[in-house]
Amino acid sequence: MSGWRADDGQVTAFVVALTTGILALTGLTLDGGLALSAKLRAHGQAEAAARAGAQAIDLAAYRNNGEVRLVPSQAAAHAYAHLAAQGATGSVVVAEDTVTVTVTTSQPTQLLGLVGIGSLPVQARAAARPQRGVIEIEP
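Note that our numbering has the sequence shown beginning at 408, numbered continuously upward.
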């Protein structure tokens, strides 16, 4: 029976390595899906805030000569207010007739925290411009 004892512990190391690999793959799947969901949510928040900012048009210019242009300070204020109302953080850039919003957040991990990855960074960007009616879809 002493021949049988020489193999003690061999299977245990294999099981530990296999379990660790399975947990890592499960963590990548679960936490990757959560990060993707957070990115989609951040992109929706960025789009909504950009659209809110793009509504800040110069009404005097529009009424006088039909020109659609942004009031940059109002556009940025509207976009930031919309981000705050959604509980999101990010940055707003108003350049010419475009409002660009970047939302940044982090997604806490569920299983990857076991290997030292506590959160995954998430960033999404969207832009919007004021339009005078929709005649066709722009590319």
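Cβ atoms here follow ideal geometry from the backbone N, Cα and C, with glycine treated the same way.
Remember, predicted model here, so these are calculated numbers, not experimental data.
Backbone CA spacing between residue i and residue j [nearest angstrom]
| i | j | result |
| --- | --- | --- |
| ILE429 | ALA531 | 30 angstroms |
| GLN538 | LEU466 | 13 angstroms |
| GLN517 | THR511 | 20 angstroms |
| ALA456 | GLY434 | 32 angstroms |
| ALA453 | ALA420 | 48 angstroms |
| HIS450 | SER444 | 10 angstroms |
| LEU432 | VAL422 | 15 angstroms |
| PRO515 | ARG470 | 49 angstroms |
| GLY523 | LEU437 | 15 angstroms |
| THR509 | GLU543 | 27 angstroms |
| GLY439 | SER498 | 25 angstroms |
| GLY520 | ALA491 | 29 angstroms |
| ALA424 | GLY525 | 22 angstroms |
| LEU447 | GLN493 | 14 angstroms |
Own chain, CB closer than 6 angstroms to residue i, minus 5 neighbours either side, in chain order
| i | result |
| --- | --- |
| VAL500 | THR507 |
| GLN481 | ALA463 |
| PRO479 | VAL501 |
Assigned secondary structure, residue i (DSSP; H/G/I helix, E/B strand, else coil)
| i | result |
| --- | --- |
| LEU435 | helix |
| ALA456 | helix |
| VAL510 | strand |
| THR516 | coil |
Span of the beta strand (DSSP E), counted from its first residue to its last, around residue i
| i | result |
| --- | --- |
| ARG532 | 526 to 535 |
| ALA502 | 497 to 502 |
Range covered by the alpha helix (DSSP H) that runs through residue i
| i | result |
| --- | --- |
| GLN462 | Here GLN462 belongs to no alpha helix (DSSP H), and DSSP marks it neither H nor E. |
| GLN493 | 479 to 493 |
Integer Cβ distance of residue i from residue j, believed to fall under 8 angstroms
| i | j | result |
| --- | --- | --- |
| ARG536 | ALA461 | 6 angstroms |
| ALA534 | THR505 | 5 angstroms |
| ARG476 | ALA468 | 6 angstroms |
Close beta carbons around residue i, own chain, < 7 angstroms, minus the five adjacent residues each side
| i | result |
| --- | --- |
| ALA459 | HIS485, ALA486 and HIS489 |
| PRO528 | SER513 |
| ALA442 | GLN514, LEU527 and VAL529 |
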